[in-house]
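Asker:
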Amino acid sequence: MSNIKKNDNVKVIAGTSKGKSGTVISVDPKAGRVVVSGVNVRKRHEKPSQTNQTGGIIDKEMPIDISNVMLLEGNVPVRTRRVREKGKQSVRVSVKTGKAL
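In terms of the working numbering, the sequence shown opens at residue 346 and continues consecutively.
1. Under 8 Å Cβ to Cβ from glycine 401, same chain only, skipping five residues before and after it: list those, please.
2. Which term fits isoleucine 358, buried or exposed, when burial requires 16 or more other beta carbons within 10 angstroms of its beta carbon?
3. Rank Gly432, Ser366, Ile411 by C-alpha distance to the C-alpha of arginine 378 and give the top, closest one.
4. Mark methionine 415 as exposed unless 16 or more other C-beta atoms lie within 10 angstroms of its C-beta, in which case mark it buried.
5. Can you give me the Cβ contacts of valine 436 inside the same chain, cut-off strictly under 6 Å, excluding the 5 residues immediately before and after it?
6. Beta strand (DSSP E) containing aspartate 447: first to last residue?
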């Protein structure tokens, strides 16, 4: 199970987009990939369709490996762990501060 979820703020720690940060758009836990807004943007040629009437060249965020991103707490990247409290579901907790995320 991944500690990164949709709408989390993350920072890229490896690869060509190293140092950039953004919000997670989608997570594919089976493949271990995430799509982050503004990160790993590629040009794609699209034919006109019902959704995109004009077609043309568009910028599209492509997936990156989940191991290349770290969760942000404020502006600081932090490691997380899962802590289960009595009678409740597990919660993501920052290793550095111990706060629930």
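From the three backbone atoms N, C-alpha and C, an ideal C-beta is built for every residue, glycine too.
Answerer: Well, looking at it:
1. Along the sequence shown, read from residue 1 onward, the residue named residue 401 stands at position 56. Around glycine 401: His390, Glu391.
2. Within the sequence shown, the letter at position 13 stands for residue 358. So isoleucine 358 counts as exposed.
3. Here residue 378 refers to the residue found at position 33 of the sequence shown. When each option's Cα is compared against that of arginine 378, the closest is Ile411.
4. For the purposes of this step, residue 415 is taken as residue 70 along the sequence shown, with counting starting at 1. Under this definition methionine 415 is a buried residue.
5. Start at 1 with the first residue of the sequence shown, and residue 436 comes out as number 91. Val428, Ala445.
6. Nothing in the structure corresponds to residue 447, since the chain is present only between 346 and 446.
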